[in-house]
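Step one of this worksheet: look at the structure below.
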Amino acid sequence: MTIAAIAKSLSLEVMCSSRNLSREIQGGYASDMLSCVMAGAQKDDIWVTLLTHLNVIAVATLLEIPAVIVTENSHIEESVLKKADDEGIVLLHTTEDTYSIVGQLYTLGIT
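Residue numbers for the sequence shown follow the working numbering, so the first one is 7 and each next one is one higher.
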């Protein structure tokens, strides 16, 4: 499923890197601990977190995670949006909590 299809299905706000919305997502990972993400997430996963600092973009870039869903209406600083856009990481935003978003992703077949 593409990032665009996921964003539409879950009513997510696209914050940056809209040029990469056609990328295919192969799986998903949810965590707010960067070390867990580095150990468990896979290339082409979508990452669900409420973290919004620059290290999120660094980890996503390192692991080739093309999209991050930021939950719980967490504020994303302009510097983070710029870095994500520079790296081609699609940042998606929602007011919903992580648990709800993960459940919806599972319903869409993202496991």
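We put the beta carbon where it would ideally sit given N, CA and C, even for glycine.
In its chain, beyond the 5 residues on either side, Ser85, Val86 and Lys89 have a beta carbon closer than 8 Å to the beta carbon of Leu60. In the same chain as Glu19, and ignoring 5 residues on each side of it, the C-beta atoms closer than 6 Å to its own belong to His99, in chain order. In the DSSP secondary-structure assignment, Val86 is not bridged to any residue.
Taking the Cα of Tyr105 as reference, the smallest distance to any Cα among Asp38, Ala10, Ala13 and Gln32 is reached at Asp38.
The alpha carbon of Thr101 has as its nearest neighbour, out of Ile82, Gly115 and Ile95, the alpha carbon of Ile82. The three-state secondary structure of Met39, taken from DSSP, is coil. With a contact defined as Cβ atoms closer than 8 Å, Trp53 and Ala47 qualify at about 6 Å. The alpha-carbon separation between Gly34 and Thr117 amounts to approximately 6 Å. In the three-state reduction of the DSSP assignment, Asp103 falls in the coil class, being assigned neither a helical nor a strand state. Just measuring C-alpha positions, the residue of Leu68, Val96 and Ile107 sitting nearest Asn26 is Val96. For a cut-off of 8 Å, the C-beta gap from Ala73 to Ile31 is around 7 Å, short enough to register as a contact. Ser80 and Thr58 do touch by the CB rule: their CB atoms are close to 5 Å apart, below 8 Å.
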